[in-house]
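Student: One structure is given below, represented as structure tokens, and several questions about it will come after.
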């Protein structure tokens, strides 16, 4: 549906079907642009990513009207980023912004050319202030996958010389493990295809690919114990892959209605390296 106009009343149910800008979609573009720079060592793609990050920060971040509360983020904005469509804050959006900015800054600092465009120092610091008060554990499969992907990004950035929050990786792994334990008990993967959303489950499968890669390079014994616990859920990845590769399940309305994103997510799950691995210089 077209986005809600400035004078149209808010309808929570309709908003799920209306157009608009989501912060966590824009960070995927930032990541994609940065991956091109990491693959080609051409800095302009990273510059575009940082410019997009700077613009998104200016639109999505706001100070609550009360004045005494810390900054927050809108969950959904209008297409031109001039007005909020959903005022609540996404559970992982500040975290996503922080780690994405950390990645973009790490890339440009590794290139010999001088930095052109925003350095994102202020934005990164503001994201840190917001995500420290958040609880990240979730039983949503797409959100769980995102946590595990973020954990792998933090691990790689640390190995490449960046300096994220010292306890961030441990917190991400702990939140992932807590959510996975709950999700595995929910029985949702035993439901028929018509009651399931492929792209959300495939997000979890991609996250489990990230866990496998993390497990191969973990050195810290405490984190390693948590990794072993996460690795016990690896069969879920194979179960999800097998289920959604079945042509019969791709003929259900829930697949067809979201076919484009389902196919992109399935392709990413089958060949995850280009999305997950941050090339070092």
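Residue numbers (my numbering): 12 to 292. Yeah, the Cβ is synthetic: ideal placement off N, Cα and C, and Gly gets one too. Small disclaimer: the values here were computed from a predicted structure and weren't measured.
Closest by CA to residue 237, which one among 216, 174 and 180?
Tutor: Position 226 of the chain shown, counted from the start, is the residue given in the question as residue 237. Ranking the options by Cα distance to residue 237, first place goes to 180.
Student: What are the partner residues of residue 32, as DSSP defines its beta bridges?
Tutor: Working through the chain shown from its first residue, we reach residue 32 at position 21. Bridge partners of residue 32: 88.
Student: Alpha carbon to alpha carbon, how far is residue 281 from residue 25?
Tutor: The sequence position of residue 281 within the chain shown is 270, counting from 1. The sequence position of residue 25 within the chain shown is 14, counting from 1. One C-alpha to the other measures close to 33 angstroms.
Student: Sort out for me which residues DSSP pairs residue 72 with in a bridge.
Tutor: Walking along the chain shown from the start, residue 72 turns up at place 61. DSSP lists 84 as partners of residue 72.
Student: Less than 9 angstroms between the C-beta atoms of residue 42 and residue 60, yes or no?
Tutor: As a working mapping, residue 42 is identified with position 31 in the chain shown. As a working mapping, residue 60 is identified with position 49 in the chain shown. Yes, the Cβ-Cβ distance between residue 42 and residue 60 is below 9 angstroms.
Student: With residue 56 and residue 73 assumed to form a contact (beta carbons below 8 angstroms), what rounded beta-carbon distance in angstroms separates them?
Tutor: As a position in the chain shown, residue 56 is number 45, starting the count at 1. As a position in the chain shown, residue 73 is number 62, starting the count at 1. Rounded, the Cβ-Cβ distance is 29 angstroms, inconsistent with contact.
Student: Which partner residues of residue 288 appear in the DSSP bridge assignment?
Tutor: Numbered from its first residue, the chain shown carries residue 288 at position 277. Residue 288 pairs with nothing; no bridge assigned.
Student: Taking only the alpha-carbon atoms, compute the straight-line gap between residue 220 and residue 141 and give it to the nearest angstrom.
Tutor: Position 209 of the chain shown, counted from the start, is the residue given in the question as residue 220. Position 130 of the chain shown, counted from the start, is the residue given in the question as residue 141. C-alpha separation (whole angstroms): 28 angstroms.
Student: Can you tell me whether residue 117 is buried or exposed? The criterion is at least 16 other CB atoms within 10 Å of its CB, across all chains shown.
Tutor: On the chain shown, residue 117 is found 106 positions in, with the first residue counted as 1. Result: buried.
Student: Would the stretch 245-253 and the stretch 183-190 be scored as touching if the rule is three or more Cβ pairs under 8 angstroms?
Tutor: They do not touch, by the three-pair rule.
Student: Could you name the residues of the same chain whose beta carbon sits closer than 7 angstroms to that of residue 194, not counting the 5 residues immediately before and after it, in chain order?
Tutor: Mapped onto the chain shown, residue 194 falls at position 183. Cβ neighbours of residue 194 beyond the five flanking positions: 150, 152 and 155.
Student: Please classify residue 275 as buried or exposed, where buried requires at least 16 other C-beta atoms within 10 Å of its C-beta.
Tutor: Stepping through the chain shown from its first residue, residue 275 is reached at position 264. By the neighbour-count rule (16 or more Cβ atoms within 10 Å), residue 275 is not buried but exposed.
Student: Closest to residue 175 by CA distance: which of 106, 290 and 23 is it?
Tutor: Here the question's residue 175 lines up with position 164 in the chain shown. Nearest of 106, 290 and 23 to residue 175, Cα basis: 106.
Student: For a quick check, are the C-beta atoms of residue 87 and residue 16 less than 9 angstroms apart?
Tutor: In the chain shown, residue 87 corresponds to position 76, counting from 1. In the chain shown, residue 16 corresponds to position 5, counting from 1. No, the pair does not count as a contact, with Cβ atoms beyond the cut-off.
Student: How big is the Cα-Cα spacing for residue 168 and residue 18?
Tutor: In the chain shown, counting from the first residue as 1, residue 168 sits at position 157. In the chain shown, counting from the first residue as 1, residue 18 sits at position 7. Using only the alpha carbons, I get a separation of about 44 angstroms.
Student: What does DSSP give as the partner residues of residue 349 in its beta bridges?
Tutor: The requested residue 349 is not part of the displayed model; the chain covers only 12 to 292.
Student: Please classify residue 64 as buried or exposed, where buried requires at least 16 other C-beta atoms within 10 Å of its C-beta.
Tutor: Taking the chain shown and counting its residues from 1, the one referred to as residue 64 is at position 53. Counting Cβ neighbours within 10 Å, residue 64 comes out buried, since at least 16 surround it.
Student: Could you spell out the range, first to last residue, of the beta strand (DSSP E) harbouring residue 167?
Tutor: Taking the chain shown and counting its residues from 1, the one referred to as residue 167 is at position 156. Careful: residue 167 lies outside any beta strand (DSSP E), inside the alpha helix (DSSP H) at 152-170.
Student: Tell me whether residue 96 sits in a helix, a strand or coil according to DSSP, three-state version.
Tutor: The count along the chain shown starts at 1 and reaches residue 96 at position 85. Strand at residue 96.
Student: With a CB to CB cut of under 7 angstroms and the five nearest residues on each side skipped, what residues in its chain are close to residue 129?
Tutor: What you label residue 129 is simply residue 118 of the chain shown in a count that begins at 1. Cβ within range, chain order: 61, 62 and 65.
Student: Residue 177: buried (16+ other C-beta within 10 angstroms of its C-beta) or exposed?
Tutor: Counting from one through the chain shown, the residue named residue 177 turns up at place 166. It is exposed - the Cβ of residue 177 has fewer than 16 other Cβ atoms within 10 Å.
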